[in-house]
Each structure stands twice: as C-alpha cells, then as structure tokens.
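Protein sequence lines correspond, in order, to chains B and V.
Numbers 1 to 184, taken from my numbering, label the letters of the first sequence in order.
Numbers 185 to 368, taken from my numbering, label the letters of the second sequence in order.
Heads up, the beta-carbon is just placed ideally off N, CA and C, and yes, glycines get one too.
A quick note: this is a predicted structure, and the numbers were derived from the prediction, not measured.
2 protein chains.
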Amino acid sequence: MSFEYLIDPATGPQWQGVLPGRPAPYVLRRGEGEHAKLFGDLFTVLLSGEETENQFGIITADCPPGDVIPTHRHDATHETFYVLEGAVRLFFEDADGSQQTQLLAPGDFGFVPAGYAHAYQVVEPSRMMGTLSGGFERFFQHMGTPTDHTGAQPPFIPDFPRMQAAAQQHRMQFLPEHRWDVPE
Amino acid sequence: MSFEYLIDPATGPQWQGVLPGRPAPYVLRRGEGEHAKLFGDLFTVLLSGEETENQFGIITADCPPGDVIPTHRHDATHETFYVLEGAVRLFFEDADGSQQTQLLAPGDFGFVPAGYAHAYQVVEPSRMMGTLSGGFERFFQHMGTPTDHTGAQPPFIPDFPRMQAAAQQHRMQFLPEHRWDVPE
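Spelled out as structure tokens, the structure:
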C-alpha cells in the first residue's frame, strides 16, 4: 500500500523550511507547521530541537475519538499532555509504581517523564499540545508519514519494520504485555 | 507597601508541593499550579526544570488587556508564545536584524530564542502558554510575588531592586532605549 499521495514526491512536503532549523525567531499561524499522519492522528511540529539547542520541541496532535496510543515508555524523553480541545484519558504509572488514570479536559495538563509507562485514549475529538525533550518531536514523521493534507484522510498504518525503526531511533519501548488495572 | 496578604506568611503558598520537584508523573487540573502575580498578570507554573532535568519549564499567563511587557532579551533562555485565548501583539527582531510585529490569535505560535530583543502587548484579555528553557519559569515568582489568589487582584509592581535582582538571577536584559519602528 502506498501513501506517497500524501505529499508530492517530486518536491517533498510543502511545509519544508517552515521552521528555521536554527535558533531564530518566527511565528506560525494556527494549523501551520510540519504535518505528519500517524494512525488516525495529525501531528504538527511547531518547534524542533534544532531551534532550541535540543532542549525541547513542541507538537500539536489532532485526534479522532476512539484512538488508543498503546502502552509504552521513553528511555530519554520527557513528555507533556495539554488538552486544548476535547477529552483524553491518560494512563500512567506513578512514582511509587501504582497505576493511575485521569480524564483530561481542556486546560488540564499531564506530565510523564522518561522511564514511566503510559498510554492514552482519545475520548472525544481532541486537540492536544505536547512539549517533548528535543528531537522526539520528529518521531511522528518517522513512524508516520509526512503530509500536506490536514483535512480528513484515511489512517496511515505503518508496517512493523517502520514502527520498530522509529521506536529504536527515538528510544521508545512498546510494552504490549502491560495491563492497566485502574478504575475509570 | 506590603503584599504579604497575597499568601499566608505563616504557611507559605498553598500551592507548595503541587509540582513533584523531580522527574515524576503528575496531572494538574485547569488553573492548578504555582501562582504568582507580576504587574497585572497571573503567571502559573505547570512544570519546572526540576521535573525535566532542566530541559524546559511551562507556564500559563492570564493577562488583562493593555498590558505591555517592555523590550528585553534573554541571554540563555529560549521562549515560546502560544495564545490560548485573546490576542497578543508580539514584537521581535528577526535573524537579519529587521524588526517584526505580529498579532497572535488563539492557536498562533511565536518563538523567540536567546539573544533576540522582543516585547509584547496584550490587546484583548488573554491566556497564553509558554515553554521556556528550564529554570526561567520561576522568574515570574522572583520578580513578582507568589499568590494563592487567582481572581481579580490589584497589580503587583515590584520595586527596582527586586526587578534588578530577578533579571540578574535569570540573565534577562531590559532594553529601555530600544525603539520599534514597525507598521502595525
């Protein structure tokens, strides 16, 4: 199955160069940025580690309801979840090893540092913002696929080698055996 | 003039301990965090460098219209401006030294890296989110004053020694001679 139609392969994504690639000031309008499709979600990079001496990157995620991001942890990435619109249920292991789940509404904020198992489920059509340790923001382009189409699209389902390569590159561990035993 | 009434001096701010102070998972509900008043603005720290190995911190700012943050630059802090509600006019020097101004509406995003002169003016009652190089998020408590009162309050106007101490501690340079010559 080919998804090259998501961008023009002759020119690459139209958003190339929208970020300066070095610490220089700029402004993006709502919806602008580096777009990638992964599963049903549209991820947009607003800022990358290249602009921040690798301190942090920032993404937005537009997510259809029902989406489940399976349990995983990051070896080296701190990650935030700020709900702009909609509702997202976050599952995470606490510092004492106990399991927690919280339903995040607009304005609610979650933090999961490196090393902690977590997952989330999109309960309503949602828009989230995430700040990530610098470099991880491009994970979604590597596991997903760059796109210039920000409207309704079929999901992009990566094959296993692509998933494994992206996870390895960004030091992300999927935890398929992990079970959540938490009251909702 | 005394502002101790903003917190109970016997116990300190009620928000003490709301952030874990180390890389551990947590959730904040909308409005929760470390509150500080500076001029007319309410700054709330959602995440500090203590949780991110000093990579980044995150704040929100609730700002009344008319507020002007005078021209300054940071020696070592990268700073973002994401408008959640309202409208904010950002002024910044570009990488080629030219001056720019852009009116940011909800969903718009601005980035100003270390070393670049910038200022902003709050045009409508606004709520902004900022991601900052780790450590700078507490600047607003140091130049302003911690508070437990998030509703309407009189402005907190720091005296000059307090402003100078906070600016020096956080390597921020005010640029009172700077003039903006940009069409709005």
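By the Cβ-count criterion, residue 102(B) is buried, with 16 or more other Cβ atoms from all chains shown falling within 10 Å of its own Cβ. By the neighbour-count criterion, in which a residue is buried when 16 or more other Cβ atoms sit within 10 angstroms of its Cβ, residue 363(V) is exposed. Using beta-carbon distances, residue 102(B) counts as an interface residue toward chain V, with a partner under 8 Å.
Taking C-beta separations shorter than 6 Å and ignoring five residues to either side along the sequence, the partners of residue 86(B) in its chain run 124, 125 and 126, following chain order.
Under the 10 Å beta carbon count, residue 29(B) is surrounded by fewer than 16 other beta carbons and is classified as exposed.
When rounded, the separation of the alpha-carbon atoms in residue 241(V) and residue 59(B) is 15 Å. Straight across, the Cα-Cα distance linking residue 48(B) with residue 194(V) is about 44 Å.
The CB of residue 259(V) never comes closer than 8 Å to any CB in chain B; the least such distance is about 13 Å. Partner residues in the beta bridge of residue 129(B), as assigned by DSSP, are 60(B) and 82(B). Apart from sequence neighbours up to five positions away, the residues of its chain that approach residue 45(B) with a beta-carbon distance below 6 Å are 33, 34, 59 and 137, ordered along the chain.
A straight-line Cα-Cα distance of about 8 Å links residue 315(V) and residue 265(V).
The Cβ-Cβ distance between residue 73(B) and residue 175(B) falls below 8 Å. Listed along chain B are 111, each with a C-beta nearer than 7 Å to that of residue 210(V).
With a cutoff of 8 Å on beta-carbon distance, residue 169(B) and residue 75(B) are scored as not near each other.
Measuring C-alpha to C-alpha distances from residue 329(V) to each of 226(V), 281(V) and 296(V) identifies 226(V) as the nearest.
A Cβ-Cβ separation of about 6 Å places residue 191(V) in contact with residue 331(V) under the 8 Å criterion. Using a C-beta cut-off of 8 Å, the region 108 to 117 of chain B makes contact with the region 200 to 210 of chain V, since at least three inter-stretch Cβ pairs fall below that distance.
For the C-beta of residue 240(V), the chain B residues within less than 7 Å are, from N- to C-terminus, 55, 56 and 131. The C-alpha of residue 275(V) lies about 6 Å from the C-alpha of residue 304(V). Separation of residue 83(B) and residue 62(B) (C-alpha to C-alpha, rounded to the nearest whole angstrom) is 10 Å.
Residue 326(V) sits in a helix when the DSSP states are folded into three classes. Annotation: residue 31(B) to residue 289(V) spans about 12 Å, alpha carbon to alpha carbon. Of the residues 181(B), 135(B) and 182(B), the one whose Cα lies closest to the Cα of residue 166(B) is 135(B).
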